[in-house]
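Residue numbers (my numbering): 224 to 401.
Idealized CB from N, CA, C, for every residue including glycine.
Read the structure below first, then the notes.
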């Protein structure tokens, strides 16, 4: 992913102590990952980078919005994003990123990319069911919601009618339990 070189952190030249890195994430960032669920994005990611003699500690913080379609009405809205992600970077014989909170880099490494961690943090911060705020408060007016309400009324009317033969069977069950 050559488009994401600005997300490489060269840690060899940094002094021990705390450092700060800031990134403005937009739609182009997700396009580089071929992720098209977000119609737009405006997320500020701040990384608190602490270099120690034997390891690196990073704390990612994301604040902003991503524009997504509602799962109920299909209307787009800005979903708020707030997330944090801790990461510890240690050094070992070979690269290992199997643990989500621990990254092991080979001893000769001089930089690493934080793009994948930013991507995962933002994508996982979006709820699995995305509901427009106007749907939640009942003020949304859309054709899809009107159709759903119409079908809901039809479903309720249909369930009220029961066959009297089944009612007799239900009585048998209730009489048996008493």
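Measure the alpha-carbon distance for residue i versus residue j and round it to whole angstroms.
i, j, result
"residue 300", "residue 294", "11 Å"
"residue 394", "residue 386", "13 Å"
"residue 233", "residue 333", "6 Å"
"residue 307", "residue 258", "21 Å"
"residue 404", "residue 292", "In the structure as shown, the chain starts at 224 and stops at 401, and residue 404 therefore has no counterpart that could be examined."
"residue 374", "residue 296", "14 Å"
"residue 343", "residue 354", "21 Å"
"residue 311", "residue 289", "27 Å"
"residue 272", "residue 281", "5 Å"
"residue 317", "residue 329", "5 Å"
"residue 313", "residue 235", "13 Å"
"residue 315", "residue 247", "32 Å"
Report the partner residues of residue i according to the DSSP bridge assignment.
i, result
"residue 264", "289"
"residue 195", "No answer is possible for residue 195: the residues shown for the chain start at 224 and end at 401."
"residue 297", "Answer by DSSP bridge pairing: none, since residue 297 is not bridged."
"residue 316", "According to DSSP, which records beta bridges pairwise, residue 316 is partnered with nothing at all."
"residue 305", "286"
"residue 231", "336"
"residue 329", "315"
Below 8 Å between beta carbons: does that hold for residue i and residue j?
i, j, result
"residue 240", "residue 267", "no"
"residue 251", "residue 263", "no"
"residue 340", "residue 253", "no"
"residue 324", "residue 309", "yes"
"residue 304", "residue 345", "yes"
"residue 337", "residue 230", "yes"
"residue 302", "residue 358", "no"
Between residue i and residue j, how many whole angstroms is the CB-CB distance? I'm expecting something under 8 Å.
i, j, result
"residue 274", "residue 242", "7 Å"
Check whether the Cβ of residue i lies closer than 8 Å to any Cβ atom in chain C.
i, result
"residue 344", "This model lacks chain C altogether; it includes just one protein chain."
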